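Below you'll find the structure, written out as structure tokens, and then a few comments.
There are 2 protein chains.
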Amino acid sequence: MKIAIAGYGNLGKGVECAVNAAPDMELTALFTRRNPAQLPTATKVPVYPMAEAAAHKQEIDVMILCGGSAKDLPEQTPTLARDFNVIDSFDTHAKIPEHFATVDKICRANNTVSIISVGWDPGLFSINRLLGQAVLPQGKDYTFWGKGVSQGHSDAIRRIPGVQDARQYTIPVESALERVRAGETPELSAREKHLRECFVVAENGADKNRIEQEIKTMPNYFADYDTTVHFISQEELNREHGSIPHGGTVIRSGRTGFDRQTKHVMEFKLTLESNPEFTAQVLVAYARAAARMAKENSFGCKTVLDIPPAYLHPLSAEELRAQLL
Amino acid sequence: MKIAIAGYGNLGKGVECAVNAAPDMELTALFTRRNPAQLPTATKVPVYPMAEAAAHKQEIDVMILCGGSAKDLPEQTPTLARDFNVIDSFDTHAKIPEHFATVDKICRANNTVSIISVGWDPGLFSINRLLGQAVLPQGKDYTFWGKGVSQGHSDAIRRIPGVQDARQYTIPVESALERVRAGETPELSAREKHLRECFVVAENGADKNRIEQEIKTMPNYFADYDTTVHFISQEELNREHGSIPHGGTVIRSGRTGFDRQTKHVMEFKLTLESNPEFTAQVLVAYARAAARMAKENSFGCKTVLDIPPAYLHPLSAEELRAQLL
């Protein structure tokens with residue numbers, strides 16, 4: 055399986071490492087909007103300008119897109135899906151249906167496969183929300199994130215004019231988490247479940263009040279939460295906020311029996327020392343699925359909810375039945 | 055979706071309740087090897103002799119098989135798969151490949167869909183083992199069960215001549231579980247991870263020593279574990295061991311980065327007040343998938359590893375993308 059990467063930030067670096075370690079994959083190209091000659095990659099993968107991607111169509115089975123959801127992916131995924139099977143990690147939940155419709159049309163017109171919104175949320179967490187509802191229809195589900203750095207939210211802050219760098223921590227409201235784990239099924243608003251804490255490096259002379267307001271009022275990302283913004287120096291950010299841990303828990307609390315007398319709890323929990331490295335691993339597993347679906351002419355846009363689990367694993371269906379079932 | 059049940063033990067009763075609660079399903083028939091006229095069902099579903107099942111082919115979209123893995127399913131699944139789309143919960147891990155091959159041949163010859171080995175293990179736990187390996191290929195996975203009653207193991211004991219009734223508790227070795235949760239990746243044998251404790255009611259005059267030996271040496275089920283057998287009265291069994299709780303945890307502990315320096319832990323945990331009621335819920339969700347795959351002419355035998363998650367949920371793909379992803 056020949057894999058290429060589009061975009062070489064933290065996520066792209068994680069994908070480079072994950073593909074390098076996969077027994078059935080080869081990293082054949084990396085595409086960047088920066089100067090290819092000056093990109094210090096970890097492996098010896100050839101680097102090309104993003105604009106020349108289509109010329110390398112024959113050397114690539116799946117292109118893994120590693121740009122941000124706010125501005126990169128809404129443009130790059132539709133463009134690259136014309137010539138490639140692509141994977142993206144588009145994570146603006148509210149805009150997924152629109153993104154899906156755009157990409158699906160292009161895939162069907164060009165006989166390509168795209169799997170969008172891959173990662174752990176959206177991604178593995180979505181699968182667990184679905185399983186919880188399908189298996190325990192009488193119940194409630196809860197998703198708690200963190201404490202951890204959200205790539206998407208940090209990226210969104212960095213795109214505000216005047217912001218030089220930023221880290222956003224998502225923090226679960228501990229008292230709410232404890233109630234759910236104890237078997238209660240409270241109604242909780244977004245605000246009651248999580249806090250958002252932002253560490254921001256402003257450019258020289260930037261209007262910090264405006265930046266803070268733009269963050270706190272940003273729709274989808276911050277407007278529905280209690281958000282704290284701290285302005286710090288680049289040095290302090292590098293020193294104190296250099297790693298990118300994350301994690302979280304999806305819980306389904308449900309009941310069965312004619313009198314709803316029997317209680318069950320399903321829980322899926324991730325504890326991640328590096329969010330981008332883990333997300334990259336998920337992207338690479340779904341790249342394997344995209345290559346297999348393309349071989350079966352199963353074209354169009356998909357999400358993690360459409361992919362049979364067996365397509366993600368290097369072993370054959372026979373081996374999986376014997377070893378894993 | 056018209057659903058039928060074959061077999062009316064604890065699992066069949068759970069399926070009856072789950073189908074009754076499903077918005078998109080109707081329970082149209084129940085088949086039994088007992089006397090249909092004397093079967094006290096919870097709903098008013100028509101009850102027929104198992105041998106007459108084929109005559110009701112037109113009234114049934116999916117047949118959910120609720121017999122045991124030791125003796126019922128190896129015979130019933132192939133027989134019923136000739137005329138019906140079927141779901142079973144075959145859980146003798148070592149014999150799954152053979153069972154799959156038998157059923158697959160029949161499904162392909164008769165244009166039916168079977169999904170075998172459905173439940174939580176094999177089943178939801180299998181999916182999580184697969185996801186863990188696919189996402190974190192450098193790592194180790196662990197499955198801990200219990201403390202809880204294993205239906206399959208209790209059933210296996212009850213089939214030994216001279217046994218009137220039995221309950222088998224699977225108990226995780228707490229010290230082993232703690233090591234894995236703490237991020238260690240020890241090599242653990244089956245014996246080091248779980249104990250098996252059996253409460254057995256012997257028939258009058260039965261040879262208890264022989265029964266105990268047959269249990270402790272039973273391949274696949276007990277031979278590889280430290281097993282304790284207690285002989286008790288039916289009254290004590292009913293009084294002290296009447297409920298059927300279970301649960302367990304699948305953990306994948308893995309590393310990423312070029313120097314394997316970054317640690318991640320994935321955990322899937324179930325806490326179930328009734329194993330058969332929960333297993334029944336899983337069977338019913340997969341019955342939905344079987345009906346959908348049959349409509350798409352996707353015939354043959356499948357396992358949970360082959361089913362796209364979206365097929366399990368009553369909502370459409372569009373609704374799932376908007377609400378769950």
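These protein sequences, in sequence, are chains E and P.
Counted the way the working numbering counts, the first sequence spans residues 55 to 379.
Counted the way the working numbering counts, the second sequence spans residues 55 to 379.
Just so it is clear, CB atoms sit at the ideal spot from N, CA and C, and this is done for glycine as well.
As the structure is a prediction and not an experimental result, all values here were calculated from the model.
6 Å CB neighbourhood of residue i in its chain, flanking five on each side removed
| i | result |
| --- | --- |
| Val255 of chain P | Gln218, Asp219, Gln288, Leu291 |
| Lys247 of chain E | Val227, Ala230 |
| Pro151 of chain E | none |
| Thr282 of chain E | Glu251 |
| Arg31 of chain P | Chain P is shown only over 55 to 379; residue 31 of chain P falls outside these bounds and no answer can be derived. |
Where residue i sits in the DSSP three-state scheme
| i | result |
| --- | --- |
| Ala343 of chain P | helix |
| Lys67 of chain E | helix |
| Gly301 of chain P | strand |
| Arg34 of chain P | An answer regarding residue 34 of chain P cannot be provided, because it is not within the stretch 55 to 379 covered by chain P. |
| Ala108 of chain E | helix |
| Phe179 of chain E | helix |
| Pro380 of chain P | It is not possible to answer for residue 380 of chain P, since the shown part of chain P is limited to 55 through 379. |
| Phe285 of chain P | strand |
| Val99 of chain P | coil |
| Asn139 of chain P | strand |
| Lys356 of chain E | strand |
| Arg250 of chain E | strand |
| Val255 of chain P | strand |
| Thr325 of chain E | strand |
| Val167 of chain E | strand |
Whole-angstrom C-beta distance between residue j and residue i, which should lie under 8 Å
| i | j | result |
| --- | --- | --- |
| Leu65 of chain P | Ser143 of chain P | 7 Å |
| Asp195 of chain E | Gly186 of chain E | 5 Å |
| Asn139 of chain P | Ala348 of chain P | 5 Å |
| Gly200 of chain P | His295 of chain P | Rounded, the Cβ-Cβ distance is 14 Å, inconsistent with contact. |
| Ala376 of chain E | Ala72 of chain E | Going by Cβ atoms, the distance from Ala376 of chain E to Ala72 of chain E rounds to 26 Å, so no, they are not a contact pair. |
| Gln130 of chain E | Pro330 of chain E | That belief does not hold up - the Cβ atoms of Gln130 of chain E and Pro330 of chain E are roughly 17 Å apart, past 8 Å. |
| Ser352 of chain E | Val157 of chain E | With a Cβ gap of about 15 Å, Ser352 of chain E and Val157 of chain E do not count as contacting. |
| Leu178 of chain E | Leu374 of chain P | Between Leu374 of chain P and Leu178 of chain E the Cβ distance is about 15 Å, and since that is not below 8 Å, they are no contact. |
| Pro176 of chain E | Pro362 of chain P | That pair is no contact at about 16 Å. |
| Ala76 of chain P | Ile114 of chain P | Contact flag wrong, Cβ pair sits at about 15 Å. |
| Thr303 of chain P | Phe198 of chain P | 5 Å |
| Phe383 of chain E | Phe332 of chain P | Past the boundaries of the shown model lies residue 383 of chain E; chain E is included only from 55 to 379, so the question cannot be answered. |
Rounded separation between residue i and residue j - CA only
| i | j | result |
| --- | --- | --- |
| Pro100 of chain P | Thr146 of chain P | 31 Å |
| Gly308 of chain E | Gly259 of chain P | 45 Å |
| Arg233 of chain P | Glu106 of chain E | 51 Å |
| Ala60 of chain E | Ala83 of chain E | 9 Å |
| Phe85 of chain E | Lys67 of chain P | 57 Å |
| Gln112 of chain E | Pro94 of chain E | 25 Å |
| Leu324 of chain E | Leu326 of chain P | 21 Å |
| Gly63 of chain P | Ile211 of chain E | 58 Å |
| His110 of chain E | Pro128 of chain E | 22 Å |
| Gly216 of chain P | Gln92 of chain P | 26 Å |
| Asn274 of chain E | Gln267 of chain E | 15 Å |
| Asp313 of chain P | Arg264 of chain P | 55 Å |
| Arg411 of chain P | Ile160 of chain P | Residue numbering for chain P in the displayed model covers 55 to 379; residue 411 of chain P lies beyond these limits and cannot be assessed. |
| Val358 of chain E | Arg213 of chain P | 42 Å |
| Asn89 of chain E | Tyr102 of chain E | 8 Å |
| Asp126 of chain E | Met104 of chain E | 12 Å |
| Leu378 of chain P | Ser180 of chain E | 6 Å |
| Ile298 of chain E | Gly237 of chain P | 19 Å |
| Glu382 of chain P | Arg162 of chain P | No answer is possible for residue 382 of chain P: the residues shown for chain P start at 55 and end at 379. |
Contact set for residue i: own chain, Cβ-Cβ below 8 Å, skip 5 residues either direction
| i | result |
| --- | --- |
| Asp280 of chain E | Arg245, Leu249, Arg250 |
| Thr310 of chain E | Leu190, Gln192, Thr316, His318 |
| Pro240 of chain E | Ala230, Arg233, Val234 |
| Ile225 of chain P | Gly200, Lys201, His248, Leu249, Arg250, Glu251 |
Spatial neighbours of residue i in its chain, beta-carbon cut-off 7 Å, leaving aside the 5 residues before and after
| i | result |
| --- | --- |
| Ile141 of chain E | Val116, Ile118, Leu119, Ile169, Val172, Leu337, Tyr340, Ala341, Ala344 |
| Ser208 of chain P | Ala220, Arg221, Gln222 |
| Asp278 of chain P | Ala244, Arg245 |
| Lys262 of chain E | Ala256, Phe285 |
| Phe276 of chain E | Arg250, Ile269, Lys270 |
| Leu366 of chain P | Ala339, Tyr340, Arg342, Ala343 |
Paired residues, beta bridge with residue i - DSSP
| i | result |
| --- | --- |
| Arg306 of chain P | P:Asp195, P:Met320 |
| Ala58 of chain E | E:Ala83, E:Met117 |
| Val203 of chain E | E:Tyr223 |
| Asp413 of chain E | What the structure shows of chain E is the stretch from 55 to 379, and residue 413 of chain E is not part of that stretch, so it cannot be assessed. |
Residue i CB to nearest heavy atom of the ligand PLP below 7 Å
| i | result |
| --- | --- |
| Val217 of chain E | As for the ligand PLP, it is missing from this structure, which has no ligand bound. |
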